[in-house]
Each structure stands twice: as structure tokens, then as C-alpha cells.
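Offset between the sequence shown (1-based) and my numbering: plus 113.
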Amino acid sequence: MPFILLGLVLALPAPLHGIDALWWLGTAIVVAGVVLFFVRSGPSDAEPVVLLSPIEGRWVPVNSPADRVPSHGTHELGQTYAIDLVHVPDGEWSAVRGWPLAARPDSFPSFGQEVLAPADGVVVQASGWQRDHWSRNSWPGFLYLMVEGMVFRQILSLLTLSAGRFVVGNSVTLDLGDGVYAVFAHLRRGSLRVSKGDRVRAGDVLGQVGNSGNSSEPHLHFHLMDRPRPLAAAGLPFAFPYESGGENRSGVPGGRRPFTTGVGAPTR
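As C-alpha cells, then:
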């Protein structure tokens with residue numbers, strides 16, 4: 114997306130300044146961006162990195178790599194194996210609601226839930242100033258979310274050279290060692306308990322689930338990547354212990370089937 118936007122910036126003003134070379138350059142960059150966006154590389158042959166769960170309690174997995182890869186439909190920003198986690202204390206969860214058109218973020222169970230370090234690590238990035246907006250999980254809200262995420266937030270990220278900052282919202286990135294970096298996105302404004310350079314232990318609280326960035330409702334977006342800079346990063350598979358259907362498992366929950374965490378511990 115940054116390539117597409119940059120190409121448009123170069124190509125569209127061409128009739129005004131009359132520099133044909135910029136039009137051709139911009140068009141080439143747009144084409145390259147489109148190709149990169151739709152090219153689907155094969156899954157990583159690396160073994161899943163075994164971690165502790167970044168959350169505790171009863172949750173529903175959405176856009177899980179257990180269901181498809183890339184889980185969010187793109188490899189952009191290293192999110193090939195990303196997962197969205199929604200806290201559902203009981204009952205079922207619905208992605209889109211008919212009413213209300215929008216609701217306050219603090220009316221959702223996920224909002225304010227603690228986000229935990231899944232392994233020992235060092236904070237290499239922490240940002241927590243973006244606001245938590247109202248939900249966009251109605252049909253009109255969802256359409257607005259798509260336009261906002263694909264256009265406005267991408268433009269802001271490009272103009273600030275921030276590699277998707279306004280898409281992921283408030284976030285923390287941990288260096289877990291051995292070329293593994295963990296990303297926690299859409300966090301609550303003002304909830305971060307860590308700063309860049311801090312060392313954390315597995316189970317330490319990093320912050321709280323929020324609804325910042327390009328998010329339909331409060332949830333935790335989590336993924337692993339192979340380097341700290343998202344624009345150049347590739348996604349890495351992961352696994353953590355959880356309970357589902359009365360069985361203790363280790364892997365990645367999927368199928369939008371509720372699961373609980375806080376059971377077992379990984380060996381790494």
C-alpha cells in the first residue's frame with residue numbers, strides 16, 4: 114500500500130507540472146505496489162515459535178493462521194501469521210451487528226484486558242498516544258473501516274514514514290531473541306506499562322487491549338516477524354498452550370471457536 118500511495122502522489126500531479134518522467138515513475142511504482150499486494154508467497158518452513166499466551170481467560174480467535182495463511186489476506190507489515198483475539202467471557206461472538214451503528218469502546222469485554230509478554234524480551238518499540246475510537250462493527254461502520262484503513266490511515270502512515278503506525282494503533286514490539294519479534298497492536302491509550310529499552314519477563318503486563326488504529330472493535334492483534342522494521346519484515350508462525358473443547362492443546366486456535374488460556378506452559 115505505501116508503494117501504491119507514493120506512486121499516486123508522483124503520477125496524479127503530472128498534468129499540472131508536465132513532467133512525463135514523474136508520471137511514468139509513479140505509474141511503475143503503483144504497478145509494483147499492486148503486484149506486491151497480491152503476490153502470495155508460500156508458508157514459512159520454520160517451526161512455530163512456542164510461547165506463552167499473550168492473554169488470559171476466554172477468547173475467540175478471528176483471522177487466525179489456523180484457518181488460512183496469510184491470515185489477514187496480506188503479508189504486509191510482517192502479519193502473515195497474525196491473529197486477532199476477542200475476549201468473550203461467555204456466549205457467542207458476532208463479527209458484524211445490525212445495531213447500534215457504533216458503541217463506546219469501554220462497552221466491550223475486551224477493552225481493558227491485560228496484554229502479557231509471551232516470553233522474556235526487550236521492548237524495541239512502544240507507542241500509546243492514539244485515541245480509542247468507537248466501534249465500527251455494524252455494516253456501515255465496517256464499510257467505513259475498510260475505506261479508512263486502506264486509504265486515510267495508510268496515507269497518514271506514509272506521510273509520517275511510520276510503517277503502518279496509524280493502522281496498528283497503539284502498539285508494543287518485543288525482541289524475543291534469535292531473530293524473533295512480537296507485535297501487540299490496537300492497545301488502549303495510556304495503558305502501556307513499558308517503554309523502549311525495557312527488559313520484560315514472560316507474563317509481565319505490557320498494557321491493555323484497546324480500540325486504537327484500524328480496528329472494528331476492541332481486540333488484540335498479535336503476530337511474530339523476523340525483524341523489528343515492519344516494512345521489511347516477514348511473518349513467523351507461533352504456537353501457545355490453550356484449552357478448547359475440554360482438551361489442552363498447543364498451537365494456534367482457529368475456526369472462531371472459543372478457547373481459554375492460562376493452562377500449561379511451553380518448553381522452549
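The C-beta atom is built at its ideal place from N, Cα and C for all residues, glycine as well.
Specify, as a first and last residue, the run of the beta strand (DSSP E) that V228 falls within.
Taking the sequence shown and counting its residues from 1, the one referred to as residue 228 is at position 115. In the DSSP annotation of this structure, the continuous segment of the beta strand (DSSP E) that includes V228 starts and ends at E227 to L229.
Any idea which residues DSSP pairs Q238 with across the strands?
The residue you call residue 238 lines up with position 125 of the sequence shown. BP columns for Q238 point to T286.
R278 versus L333: straight-line alpha-carbon distance, rounded:
To locate residue 278, count along the sequence shown from 1; it is residue 165. To locate residue 333, count along the sequence shown from 1; it is residue 220. About 15 Å.
Reference E356, options P371, E261, R340 and E330, closest by Cα:
The residue you call residue 356 lines up with position 243 of the sequence shown. Answer by Cα proximity: P371.
Along the chain, which unbroken stretches of the beta strand (DSSP E) at least 3 residues long are found entirely within the region 345-373?
With a minimum length of 3 residues, the unbroken runs of beta strand (DSSP E) contained wholly in the region 345-373 fall at 351-357 and 360-364.
Does DSSP put D197 in a helix, a strand or coil?
Counting from one through the sequence shown, the residue named residue 197 turns up at place 84. D197 falls in the strand class under three-state DSSP.
For a test of the three-state rule: what should DSSP assign to A295, helix, strand or coil?
Numbered from its first residue, the sequence shown carries residue 295 at position 182. Three-state DSSP puts A295 in a strand.
Does the region 309-321 come close enough to the region 357-367 to have 3 or more Cβ pairs within less than 8 Å?
No contact exists between the region 309-321 and the region 357-367.
Does DSSP put L125 in a helix, in a strand, or in coil?
Within the sequence shown, the letter at position 12 stands for residue 125. It is coil, neither helix nor strand.
F297 vs I196 beta-carbon contact at 9 Å:
As a working note, residue 297 is residue 184 in the sequence shown. As a working note, residue 196 is residue 83 in the sequence shown. The answer is no: Cβ separation not under 9 Å.
Please report the straight-line C-alpha distance between N176 and V122, rounded to a whole angstrom.
Taking the first residue of the sequence shown as 1, we reach residue 176 at position 63. Taking the first residue of the sequence shown as 1, we reach residue 122 at position 9. Cα to Cα, N176 sits roughly 32 Å from V122.
Taking 8 Å as the limit between beta carbons, can you name the residues of its chain near G234, skipping five residues before and five after?
In the sequence shown, counting from the first residue as 1, residue 234 sits at position 121. Correct list, in chain order: L287, D288, L289, G290, A295, R312 and V313.
Can you tell which of W212, V162 and L229 has its C-alpha closest to the C-alpha of L300?
The residue given as residue 300 occupies position 187 in the sequence shown. L300 has its Cα closest to that of L229, out of W212, V162 and L229.
Taking DSSP as the reference, what is the three-state secondary structure of S248?
Mapped onto the sequence shown, residue 248 falls at position 135. In this structure, S248 counts as coil in the three-state DSSP scheme.
For G241, count the other beta carbons within 10 Å of its own beta carbon; 16 or more makes it buried, fewer makes it exposed. Which is it?
As a first step, residue 241 is located in the sequence shown; it is residue number 128 there, counting from the start. With 16 or more other CB atoms across the displayed protein chains lying within 10 angstroms of its CB, G241 is buried.
Quick one: any contact between the region 165-172 and the region 198-212, if contact means 3 or more CB pairs under 8 Å?
yes
Taking the DSSP output, what are the residues bridged to G170?
The residue given as residue 170 occupies position 57 in the sequence shown. T374.
Between which two residues does the alpha helix (DSSP H) harbouring F279 extend?
Here residue 279 refers to the residue found at position 166 when the sequence shown is read from its first residue. Looking at the DSSP string, the run of the alpha helix (DSSP H) that includes F279 is R278 to V281.
Can the beta-carbon of E227 be found less than 9 Å from the beta-carbon of V322?
Taking the sequence shown and counting its residues from 1, the one referred to as residue 227 is at position 114. Taking the sequence shown and counting its residues from 1, the one referred to as residue 322 is at position 209. For E227 and V322, yes; Cβs fall inside 9 Å.
Would E160 and P354 qualify as a contact pair, given that the criterion is a beta-carbon distance under 9 Å?
Mapped onto the sequence shown, residue 160 falls at position 47. Mapped onto the sequence shown, residue 354 falls at position 241. No.
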